[in-house]
Amino acid sequence: MPKYWLLKSEPESFSIQDLARCPKKTTSWSGVRNYQARNYMRDEMKTGDRVLFYHSSADPTAIVGTAKIVKEGYPDPTAWDKNDDHYDPAASPENPRWSMVDIQLDEIFKTPLPLEQLRKVAALKKMELLRKGSRLSVQPVTKEEFEAVLKLARS
DNA sequence: GCCAACGTTGGC
DNA sequence: GCCAACGTTGGC
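The opening position of the first sequence corresponds to residue 14 in the working numbering, with each subsequent residue numbered one higher.
Printed below as a string of structure tokens:
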């Protein structure tokens, strides 16, 4: 049974269109520096899990497509790269501290689903993304929520 | 181990 | 740009 997730990205730094241009439409999800998000990637994400791709700090903020996990949690080497924006002096190859997964694009929605629209959907009432103050950049999504989002994208 | 100060996220 | 809602840090 696959699990379901939502990944946030600021399109100014990495958009779903950028993902479409990657070799094999695949990228490593590096740079996450939050323990809860790391734990999901390191411990719970499995190959074949499905992903909703969300554009934060965008106009409008919206779920813009889907992807899947193609490689399970492994060390994030940007953590010990001094020139990387997400450099962490406490991380090293011996003690990686941060993890990432690889994702591959499945689909870019013809029409993005903005937050405003998602808030109107009864099936998504409890979705973590829509909770006030929700900041987690890697979130679990229920099967029901994932399917409700897909249904919206096709309507 | 508490908690105030600080830094960050992210919608608006 | 504002600011609410976080998460992290570090003094004690």
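Yeah, the Cβ is synthetic: ideal placement off N, Cα and C, and Gly gets one too.
What you are looking at is a predicted structure, and each value in this text was computed from that prediction instead of being measured.
For Q152 versus W18, is the C-beta distance shorter than 8 angstroms? yes
May I have a chain-ordered list of the beta strand (DSSP E) segments no shorter than 3 residues that lie completely inside the region 55-108? 63-68, 75-88
Terminal residues of the continuous alpha helix (DSSP H) containing L20? Unbroken run through L20 is the beta strand (DSSP E), 17-22; no alpha helix (DSSP H).
For the alpha helix (DSSP H) that F122 lies in, which residues bound it at each end? From DSSP, F122 is part of no alpha helix (DSSP H) but of the beta strand (DSSP E) over 112-127.
Of the residues D72, V77, S105, D56, which one's Cα is nearest the Cα of D119? V77
If you count every other CB in all the chains shown that lies within 10 Å of the CB of P15, and 16 or more means buried, which is it? exposed
Spatial neighbours of K138 within its chain, please: CB distance less than 6 angstroms, with the 5 preceding and 5 following residues excluded, ordered by chain position. So the list is empty, once near-sequence residues are dropped.
Going by C-alpha to C-alpha distance, which of P125, N47, I82 sits closest to T60? I82
S42 vs V154 beta-carbon contact at 8 angstroms: For the record, residue 42 in the displayed sequence is Trp; it is not Ser. For W42 and V154, no; Cβs fall outside 8 angstroms.
Let me know the secondary structure DSSP gives V154 once reduced to three states. strand
When the Cα atoms are used, what is the spatial distance from P73 to Y67? 11 angstroms
Decide yes or no for the touch test of the region 81-101 against the region 123-131: beta carbon pairs closer than 8 angstroms, at least 3 of them. no
Can you say whether S22 is buried or exposed, counting buried as having 16 or more other CB atoms within 10 angstroms of its CB? buried
Is the Cβ-Cβ distance between V64 and T40 less than 8 angstroms? no
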